[in-house]
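Engineer: Keeping their order, the protein sequence lines are chains A and B.
Per my numbering, the first sequence runs over residues 114 to 214.
Per my numbering, the second sequence runs over residues 114 to 214.
2 protein chains.
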Amino acid sequence: MDTATLTALAEPNRLKIVELLRGQPCSVNEVALALKLRQPQVSKHLHTLAQAGLVTMQPVAQQRIYTLKPEPFLRLEDWANSFQQYWTQQLDNLENHLKKG
Amino acid sequence: MDTATLTALAEPNRLKIVELLRGQPCSVNEVALALKLRQPQVSKHLHTLAQAGLVTMQPVAQQRIYTLKPEPFLRLEDWANSFQQYWTQQLDNLENHLKKG
DNA sequence: TTTATATATTCCTTGACAAGAATATACAAG
DNA sequence: CTTGTATATTCTTGTCAAGGAATATATAAA
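Next up, the structure:
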């Protein structure tokens with residue numbers, strides 16, 4: 114797992130932005146209105162998300178529409194899923210311990 | 114998703130610690146040796162991870178054994194998996210667009 | 001061209017946080 | 001009880017990132 118993705122998501126307002134964009138792509142102003150944030154901060158957060166590769170932007174007239182990118186989230190999903198192995202292994206250890214003890 | 118978990122994981126050394134503990138529970142010194150970190154920093158990072166609820170500690174003589182806790186990782190897994198819905202929906206939108214256009 | 005709308009950028013201040021060094025605490029062994 | 005081992009804590013310092021305010025840029029509309 115890369116920490117760039119995690120760092121980008123760890124900021125509360127950015128996480129909210131991501132969850133909003135999960136609903137549908139949004140312009141900067143739409144995000145600002147929906148989350149009651151100031152426009153410059155939204156622009157900055159979206160820039161950070163773009164740098165981290167979590168969103169893409171396509172201009173439409175004066176607006177900039179931001180859209181979630183799948184890849185980093187799929188990687189996060191894979192990483193989180195890879196823990197399943199550990200939990201089941203730990204569970205086995207516990208069971209063996211109880212049987213022997 | 115709670116940002117506490119993400120913040121804890123976003124720090125590179127803590128992420129390494131988590132990935133090490135995913136192999137098996139470790140004492141502070143074992144972590145320090147494995148990752149070539151200084152003992153105080155490891156103690157601090159483990160403390161942070163414990164505060165965030167990502168690990169638990171059980172004392173064994175002078176040693177403190179740190180173990181990964183399942184819950185936050187399961188929640189992260191659920192959250193990441195919940196994006197699947199969005200990707201498939203976006204894919205549908207794209208297909209419809211191509212057919213109509 | 002001016003004016004309005006949408007977004008980006010810059011500067012500043014402040015708070016959080018990570019590392020290093022030194023020290024304190026806990027427990028065990030002799 | 002002293003010594004050694006394992007871990008935690010404190011203090012300091014430097015860096016980085018977020019918000020606020022102001023301003024710059026881009027595109028559309030009149």
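Note that the Cβ used here is the ideal one computed from N, Cα and C, for glycine as well.
Residues in the same chain with beta-carbon distance under 8 Å from Leu162 (chain A), minus the five sequence neighbours each way, listed in chain order, please.
Structural biologist: Counting only Cβ-Cβ distances below 8 Å, and skipping sequence neighbours, we find Ala121, Arg127, Ile130, Val131, Val168, Tyr179.
Engineer: Quick check: what's the CA-CA separation for Gln198 (chain A) versus Gln197 (chain B)?
Structural biologist: Answer to the nearest angstrom: the Cα atoms are 21 Å apart.
Engineer: Interface residues of chain B around Arg135 (chain A) at Cβ under 7 Å?
Structural biologist: Neighbours of Arg135 (chain A) on chain B, chain order: Phe196, Tyr199.
Engineer: Can you name the start and end residues of the beta strand (DSSP E) that Pro172 (chain B) belongs to?
Structural biologist: Here the beta strand (DSSP E) through Pro172 (chain B) covers 168-173.
Engineer: With a threshold of 16 other CB atoms inside 10 Å of the CB of Glu190 (chain B), please say whether the residue is buried or exposed.
Structural biologist: That one is buried.
Engineer: Pick out whichever of B:Ala193, B:Glu184, B:Ser195, B:Val141 has its Cα sitting closest to the Cα of Pro172 (chain B).
Structural biologist: The option with the nearest alpha carbon to Pro172 (chain B) is B:Val141.
Engineer: For Thr180 (chain B), which residues does DSSP report across the bridge?
Structural biologist: DSSP, once it has assigned bridges, lists B:Thr169 as partnering Thr180 (chain B).
Engineer: Please state whether DSSP places Ser156 (chain A) in a helix, a strand or coil.
Structural biologist: Correct three-state label for Ser156 (chain A): helix.
Engineer: Do Ala165 (chain B) and Leu119 (chain A) have their beta-carbon atoms positioned less than 8 Å apart in this structure?
Structural biologist: Not a contact, by the Cβ cut-off of 8 Å.
Engineer: I need the boundaries of the alpha helix (DSSP H) containing Arg127 (chain B), first residue and last residue.
Structural biologist: Its alpha helix (DSSP H) spans residues 125-134.
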